[in-house]
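Remarks on the structure that follows.
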Amino acid sequence: MCTYQVVQEGVQLNLEEHFKPLNIGRVMLAKKGQKIYGVVIEAQVERSALRKLSTLADDLGIVVRYIQFSMEELNKPALTAIAFLDFSDAKVSVEEALKLVKSQSFVIDAKPIKPNRNGIIYDNYFSRWLLPKTREL
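Start counting the sequence shown at 14; every next residue gets the next number (our numbering).
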């Protein structure tokens with residue numbers, strides 16, 4: 014057995030023990046009937062901002078399925094975030110929720126990302142992906 018084969022075999026044996034991937038992709042598949050929407054938020058960095066948005070979502074019956082923030086940059090007073098939200102049991106529409114988000118003092122802007130296909134939503138705000146309307150083999 015060659016050295017690289019021993020290393021490869023050892024890596025494969027320990028892969029599950031040492032490799033716990035963090036899914037930071039911005040593509041989400043929804044179950045049939047789920048109302049998943051994306052939201053892009055530009056906001057000032059402020060104490061308790063995440064808690065305030067989380068409480069608002071909870072009060073409105075919205076489940077946060079995914080959220081990611083940009084790092085704060087030196088010459089920019091704001092950061093951006095993307096979230097995929099489940100409106101299946103929400104008490105309000107996406108538009109009404111965005112209006113409430115925009116009313117927060119630290120929020121500069123908030124925009125929706127609508128599902129692009131049945132059961133598929135992806136970040137087409139920060140990363141413009143062009144997908145064909147039909148799948149061709």
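Idealized CB from N, CA, C, for every residue including glycine.
Since we're looking at a predicted model, the values are computed, not measured.
Identify, in the order they occur along the chain, each residue of the same chain with its Cβ nearer than 7 Å to the Cβ of residue i, setting aside the five sequence neighbours on each side.
i	result
LYS112	none
VAL120	ILE54, ALA56 and VAL114
ILE80	ALA94 and ALA96
PRO90	GLN57
Where does the unbroken alpha helix (DSSP H) through residue i begin, and where does it stop?
i	result
ALA43	Note, ALA43: premise wrong, no alpha helix (DSSP H); not H, not E.
ARG64	62-72
Which residues bound the beta strand (DSSP E) around residue i?
i	result
ALA103	Taken as a continuous stretch (DSSP letters only), ALA103 belongs to no beta strand (DSSP E), as it is neither H nor E.
TYR79	76-82
TYR135	133-135
Note down, in chain order, each residue of its chain lying with its Cβ closer than 6 Å to the Cβ of residue i, except the 5 sequence neighbours on either side.
i	result
ALA103	LEU73, GLY74 and ILE75
TYR138	VAL53 and ILE126
VAL20	Here VAL20 scores only 46 on pLDDT, less than 50, and its place in the model is too uncertain to base an answer on.
GLU59	PHE119
SER140	none
ASN131	none
Restricting to Cα atoms, I'd like to know which of the options is closest to residue i.
i	options	result
ARG78	SER118, GLN47, ALA110 and SER106	GLN47
LYS44	ALA110, SER106 and SER101	SER101
PRO123	GLU109, GLU59, SER140 and VAL105	A small correction: the amino acid at residue 123 is Ala; Pro does not occupy that position in the sequence shown. Ranking GLU109, GLU59, SER140 and VAL105 by Cα distance to ALA123 puts GLU109 first.
VAL107	ASN131, SER83 and TYR50	TYR50
PHE82	ALA62, ASN88 and ASP99	ALA62
GLN117	VAL40, LEU42 and ARG64	ARG64
Kindly list the residues whose CB is nearer than 8 Å to the CB of residue i, restricted to its own chain and excluding five residues on each side of it in sequence; keep chain order.
i	result
GLN18	With a pLDDT of 49 at GLN18, under the threshold of 50, the modelled position of this residue cannot be trusted; read the value that follows with caution. None.
Three or more beta-carbon pairs under 8 Å between the stretch 122-138 and the stretch 65-78, yes or no? Because the criterion of three Cβ pairs below 8 Å is not met, the stretch 122-138 and the stretch 65-78 do not touch.
Quick check on the DSSP output: what are the complete beta strand (DSSP E) runs of length 3 or more inside the stretch 107-131, in order along the chain? Correct list: 120-126.
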